Amino acid sequence: MEKTARYKIVVSDRARQMLTTHLGFLARSSPQAARKIKNEIMDAIRSLDEMPERFPFIAGEFLPPNKYHKLFVQKWYLILYQIKQQTVHVDYIVDCRQDYQWLTR
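In the working numbering, the protein residues as written are 9 to 113.
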């Protein structure tokens, strides 16, 4: 069986900060829930090392077409990433319970 090419994953400082903010807020009321969400998000990001094209593109008025793929984790977290050659660049981790329309306008 042929081995699938693996992609390198790079998480931007902005995406890390967004995740830290979300988890910090959640950890104030439930550290256990924050750990669980963090693990689920990190597992989802790690899964992008194989076939990152499997998730659809996000469309937005001011987003270049076919640039960012979108990956939902649970119902509330949206991961936006782009693929450049053999590297997946995670640029945003958005809590969908907050207003994120600034991103797609």
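Built from N, CA and C at the ideal position, the CB exists for glycine as well. Model, not experiment: these values are computed from the prediction.
Whether residue i touches residue j by CB criterion (9 Å)
| i | j | result |
| --- | --- | --- |
| D57 | I17 | yes |
| I53 | V102 | no |
| R14 | Q93 | no |
| Y76 | C104 | no |
| A42 | G32 | yes |
Which residues DSSP lists as bridging residue i, in chain order
| i | result |
| --- | --- |
| K16 | T95 |
| Q101 | In the sequence on display, residue 101 carries Ile and not Gln. BP columns for I101 point to I87. |
Whole-Å CB distance - residue i paired with residue j, under 8 Å assumed
| i | j | result |
| --- | --- | --- |
| V96 | A23 | Incorrect: roughly 11 Å between the Cβ atoms, too far for contact. |
| I49 | L27 | 7 Å |
- Go through the segment 54-99 residue by residue and report every complete run of the beta strand (DSSP E) that reaches 3 residues or more, in order. Residue ranges of uninterrupted beta strand (DSSP E) with 3 or more members, entirely inside the segment 54-99 and ordered along the chain, are 77-81, 85-92.
- Examine the Cβ distances between the segment 77-89 and the segment 50-69 and report whether three or more of them are shorter than 8 Å. Contact annotation: the segment 77-89 touches the segment 50-69, with at least three C-beta pairs closer than 8 Å.
- Message: Which runs of the alpha helix (DSSP H) at least 4 residues long sit entirely within the segment 27-54? Give them in chain order.
- Response: Fully enclosed alpha helix (DSSP H) runs of 4 or longer: 39-54.
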